[in-house]
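S.K.: Supplied in structure tokens, the structure appears directly below.
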Amino acid sequence: MTPWWPARLLLALGSGLALALAFPSYNLPLLAWIAVAGLLLASLGARPGQAACAGFLHGAVFYTATLPWIYTVMYVHGALSPVSAAGVLAALVAAASLFPAAFSLGVAWLGRRSAAHGLVAATFLWVALEFGRTHLPGIGFPWNLIGYAASKNLALLQLAPFTGVYGLSFLVVAYNAVFAGMLVGSRRPHVLGFCLVVTATLLAVAGLGGRFVPVSHSRFVAHLVQTNFPQSPSYPADWIERHAPELDELERLSIAAAEKSPGLLIWPEVPAPFYLQDRRFVARVERIAGAARSAFLVGVVDWKLGPRGGLAPYNSAALFDPSGQRVFLYDKIHLVPFGEYVPLHRWLTFAKTLTAEVGDYQPGSEYKVGALAPDAGGGKFGVFICYEAIFPAEVRRFVSSGAELLINLSNDGWFGRSAAPEQHLGMARVRAVENRRWLLRDTNNGFTTAIDPYGRYAARLATDVRGVLGAPYDFRSDSTLYARWGDWLAWLCVAAALYFIGAGLARRRQALRSSHLAPLDCI
Numbered sequence: 000m001t002p003w004w005p006a007r008l009l010l011a012l013g014s015g016l017a018l019a020l021a022f023p024s025y026n027l028p029l030l031a032w033i034a035v036a037g038l039l040l041a042s043l044g045a046r047p048g049q050a051a052c053a054g055f056l057h058g059a060v061f062y063t064a065t066l067p068w069i070y071t072v073m074y075v076h077g078a079l080s081p082v083s084a085a086g087v088l089a090a091l092v093a094a095a096s097l098f099p100a101a102f103s104l105g106v107a108w109l110g111r112r113s114a115a116h117g118l119v120a121a122t123f124l125w126v127a128l129e130f131g132r133t134h135l136p137g138i139g140f141p142w143n144l145i146g147y148a149a150s151k152n153l154a155l156l157q158l159a160p161f162t163g164v165y166g167l168s169f170l171v172v173a174y175n176a177v178f179a180g181m182l183v184g185s186r187r188p189h190v191l192g193f194c195l196v197v198t199a200t201l202l203a204v205a206g207l208g209g210r211f212v213p214v215s216h217s218r219f220v221a222h223l224v225q226t227n228f229p230q231s232p233s234y235p236a237d238w239i240e241r242h243a244p245e246l247d248e249l250e251r252l253s254i255a256a257a258e259k260s261p262g263l264l265i266w267p268e269v270p271a272p273f274y275l276q277d278r279r280f281v282a283r284v285e286r287i288a289g290a291a292r293s294a295f296l297v298g299v300v301d302w303k304l305g306p307r308g309g310l311a312p313y314n315s316a317a318l319f320d321p322s323g324q325r326v327f328l329y330d331k332i333h334l335v336p337f338g339e340y341v342p343l344h345r346w347l348t349f350a351k352t353l354t355a356e357v358g359d360y361q362p363g364s365e366y367k368v369g370a371l372a373p374d375a376g377g378g379k380f381g382v383f384i385c386y387e388a389i390f391p392a393e394v395r396r397f398v399s400s401g402a403e404l405l406i407n408l409s410n411d412g413w414f415g416r417s418a419a420p421e422q423h424l425g426m427a428r429v430r431a432v433e434n435r436r437w438l439l440r441d442t443n444n445g446f447t448t449a450i451d452p453y454g455r456y457a458a459r460l461a462t463d464v465r466g467v468l469g470a471p472y473d474f475r476s477d478s479t480l481y482a483r484w485g486d487w488l489a490w491l492c493v494a495a496a497l498y499f500i501g502a503g504l505a506r507r508r509q510a511l512r513s514s515h516l517a518p519l520d521c522i
């Protein structure tokens, strides 16, 4: 342990930076296995205020280094001034940093009994806080959970069907706690020996386990069309006419791919004014489906009666059969805060400008499952749109409703060539493995790919090109433990964290009564 206060801050800063380097676009995932140990060492033995500051600094460094694309999205596509865009990023970083601050405070307080006690509780507390960050009403943001760093390894990723991504987070933080314990108790041979055994076991599983991961075979091929439209902050009324040559090219590419190899045809999340109420666009969709003689799934905006009366936009996915009839429609449920709607917009000064630019989309309400025609395999599918890919429990809802294939439509053009598209892809990949389903991921400009139920990339298309990916897929109807039980491990960690805190409070009260001390100050 390091009692000197500035050294604690340096440890926290280094911890946040090391953890950031584990994620794209830095891609040094091994650092995640030791990064949190620095924060643990900074927290153990610290005063409450010192611990909270250390955790907040860790979070501020981590989120600033991994989420700079938030500024770009707000400034370039949200029409905010540089100051307002920076303010949005700063507010998000500050809010997210409260969670590692709470973690450090909890470790410091629980570790007063003994360092070992604080380290044992740390893993449960970390996962409980990740779970809490995921489920914040309206503004939950489970981006770059620490478990995604471990998901880079194919063997370790196979834990996800049992525990979800939270099991990977548990594994990584538990190792950090063991590593920190070795540093704290470095003079104790049994502590060092335990750490070496754990390290050797993890290295063996990570290095050799991938050889034993089954290979998943496919019987069908879908055609994922990467439209590669430049991201525009607004669309003029004559957008369809202006871009007719590009739409004609996409039509030719789509039909040619389906004629060469019949199969499901997919366009990504709406990258343009593709309105279901625009007869010109719908006529083109019907023409493509008919000429391709294939089912055609396409991202659209559907204007219909909203909850407050009047027409409101919905970010949707529509399936058309070969005759041009619409046979399925899913409305995106989890909208992007400050992207598709503005929470608490009455109280946020920049909301008027931002809402005018991004629109005020309405959320859907049903996790719909559709059915494909026999020529596309005849199985059931669930489609989730863009941001929904980062919410494990929501994607699981499609599988529990009968989906045998997962389809993710996304428009990552908002992110430019930042680290965000790669981060987004990594999270979507874990959704496939958690549920043991093939995942077809179609995007506007990348990453467009097919992922098998074990997390392998079965096919990928280059970024920033207009083209079609022949994406293999199949259907599975088996159910993983995660698909059946959901976030059982995360809830267990919440219960364990509450137990540690409750037991600590009870011991403190007992000690106060025994020693006749004044009531404990707020901690």
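Its first residue numbered 0, the sequence shown is counted upward by one per residue in numbering that gives the first Met the number 0.
We put the beta carbon where it would ideally sit given N, CA and C, even for glycine.
As the structure is a computational prediction, the values presented were derived from the model and not from experiment.
Mark Phe211 as exposed unless 16 or more other C-beta atoms lie within 10 angstroms of its C-beta, in which case mark it buried.
M.R.: The residue labelled residue 211 in the question sits at position 212 within the sequence shown. Exposed, by the Cβ-count rule.
S.K.: Using CA coordinates, which residue listed in Val171, Ala496 and Gly445 is at the minimum distance from Thr462?
M.R.: Position 463 of the sequence shown holds residue 462. It is Gly445 whose Cα lies nearest to the Cα of Thr462.
S.K.: If Gln225 and Val464 are in contact, beta carbons under 8 Å, what's the gap, nearest whole angstrom?
M.R.: Taking the first residue of the sequence shown as 1, we reach residue 225 at position 226. Taking the first residue of the sequence shown as 1, we reach residue 464 at position 465. About 7 Å; that satisfies the 8 Å criterion.
S.K.: Using CA atoms only, rank isn't needed, just tell me which of Ser417, Pro391 and Thr448 is closest to Val429.
M.R.: The residue given as residue 429 occupies position 430 in the sequence shown. It is Pro391 whose Cα lies nearest to the Cα of Val429.
S.K.: Excluding the 5 residues preceding and the 5 following Ile406 in the sequence, name in chain order all residues of the same chain whose CB lies nearer than 6 Å to its CB.
M.R.: Your numbering for residue 406 matches position 407 in the sequence shown. The answer, listed in chain order, is Phe380, Val382 and Leu439.
S.K.: Leaving out the 5 sequence neighbours to the left and right, which residues in its chain are closer than 6 Å to Val398 when beta-carbon positions are compared?
M.R.: Within the sequence shown, numbered from 1, the residue matching residue 398 stands at position 399. Cβ neighbours of Val398 beyond the five flanking positions: Asn434 and Ala482.
S.K.: Which residues does DSSP list as the beta-bridge partners of Ala101?
M.R.: Taking the first residue of the sequence shown as position 1, residue 101 is located at position 102. Per DSSP, none; premise fails for Ala101.
S.K.: Excluding the five sequence neighbours on either side, which residues of its own chain have a C-beta within less than 7 Å of the C-beta of Pro160, listed in chain order?
M.R.: Translated into the one-based positions of the sequence shown, residue 160 becomes position 161. Cβ within range, chain order: Val432, Glu433, Arg435, Thr479, Leu480 and Tyr481.
S.K.: Does the Cβ of Lys259 have 16 or more other Cβ atoms within 10 Å, making it buried, or fewer, making it exposed?
M.R.: For the purposes of this step, residue 259 is taken as residue 260 along the sequence shown, with counting starting at 1. The residue in question, Lys259, is exposed, as its Cβ has fewer than 16 Cβ neighbours within 10 Å.
S.K.: Please name the residue, chosen from His76, Phe61, Arg7 and Gly13, that lies closest to Arg46 on a Cα-to-Cα basis.
M.R.: Counted from its first residue, the sequence shown places residue 46 at position 47. Taking only the C-alpha atoms, the option nearest Arg46 is Arg7.
S.K.: With distances taken from CA atoms, which of Ala282, Val220, Val214 and Gln276 is nearest Leu246?
M.R.: Residue numbering aside, residue 246 sits at position 247 when the sequence shown is read from its first letter. Looking at the Cα atoms, Ala282 is the closest of the given residues.
S.K.: My guess is that Leu124 and Val106 are in contact by the Cβ rule of under 8 Å, so how many angstroms apart are they, rounded?
M.R.: Looking up residue 124 in the sequence shown gives position 125. Looking up residue 106 in the sequence shown gives position 107. Yes, Leu124 and Val106 are in contact; Cβ-Cβ is about 7 Å, under 8 Å.
S.K.: For Pro471, list the residues DSSP reports as bridge partners.
M.R.: As a working note, residue 471 is residue 472 in the sequence shown. Per DSSP, Val220.
S.K.: Would you kindly check if the distance between the Cβ of Trp413 and the Cβ of Val72 is under 7 Å?
M.R.: As a first step, residue 72 is located in the sequence shown; it is residue number 73 there, counting from the start. As a first step, residue 413 is located in the sequence shown; it is residue number 414 there, counting from the start. Cβ atoms of Val72 and Trp413: closer than 7 Å.
S.K.: Can you list, in chain order, the residues of its chain with a C-beta nearer than 6 Å to that of Gly146? Leave out the 5 residues immediately preceding and following it.
M.R.: Taking the sequence shown and counting its residues from 1, the one referred to as residue 146 is at position 147. Val164, Leu167 and Ser168, listed in sequence order.
S.K.: If the criterion is Cβ atoms closer than 7 Å, does the pair Val299 and Ser322 meet it?
M.R.: Here residue 299 refers to the residue found at position 300 when the sequence shown is read from its first residue. Here residue 322 refers to the residue found at position 323 when the sequence shown is read from its first residue. For Val299 and Ser322, no; Cβs fall outside 7 Å.
S.K.: Pick from Ala90, Gln422, Ala78 and Gly58: whose alpha carbon is nearest that of Leu128?
M.R.: Taking the sequence shown and counting its residues from 1, one reaches residue 128 at position 129. Looking at the Cα atoms, Gly58 is the closest of the given residues.
S.K.: Give a yes or no on whether the C-beta atoms belonging to Tyr62 and Ala95 are separated by under 7 Å.
M.R.: On the sequence shown, residue 62 is found 63 positions in, with the first residue counted as 1. On the sequence shown, residue 95 is found 96 positions in, with the first residue counted as 1. Result yes, Cβ atoms of Tyr62 and Ala95 sit closer than 7 Å.
S.K.: Taking its Cβ as the centre, do 16 or more other Cβ atoms sit within 10 Å of Arg508, making it buried, or is it exposed?
M.R.: Here the question's residue 508 lines up with position 509 in the sequence shown. By the 16-neighbour rule on beta-carbons within 10 angstroms, Arg508 is exposed.
S.K.: Taking the continuous beta strand (DSSP E) assigned at Arg440, which residues delimit it?
M.R.: As a position in the sequence shown, residue 440 is number 441, starting the count at 1. Its beta strand (DSSP E) spans residues Leu438 to Thr442.
S.K.: Going by CA-CA distance only, name the one from Leu27, Gly184, Asn26 and Leu9 that's closest to Leu38.
M.R.: On the sequence shown, position 39 is the one that residue 38 refers to. It is Leu9 whose Cα lies nearest to the Cα of Leu38.
S.K.: Can you find the residues in the same chain that come closer than 6 Å, C-beta to C-beta, to Val394, ignoring five residues on each side of it along the sequence?
M.R.: Against the sequence shown, residue 394 aligns to sequence position 395. Excluding sequence neighbours, Val394 sits near Phe383 and Arg430.
S.K.: Rounded to the nearest angstrom, how far is the Cβ of Ala11 from that of Leu66, given a contact under 8 Å?
M.R.: Within the sequence shown, numbered from 1, the residue matching residue 11 stands at position 12. Within the sequence shown, numbered from 1, the residue matching residue 66 stands at position 67. Separation of the CB atoms of Ala11 and Leu66 is rounded to 18 Å, and the pair is thereby denied contact status at 8 Å.
S.K.: Taking C-beta to C-beta, are Ile389 and Pro136 nearer than 7 Å?
M.R.: Within the sequence shown, numbered from 1, the residue matching residue 389 stands at position 390. Within the sequence shown, numbered from 1, the residue matching residue 136 stands at position 137. Result no, Cβ atoms of Ile389 and Pro136 do not sit closer than 7 Å.
S.K.: Can you confirm whether Gly466, when its beta carbon is compared against all beta carbons of chain B, has any partner nearer than 7 Å?
M.R.: No chain B appears in this structure, which consists of one protein chain only.
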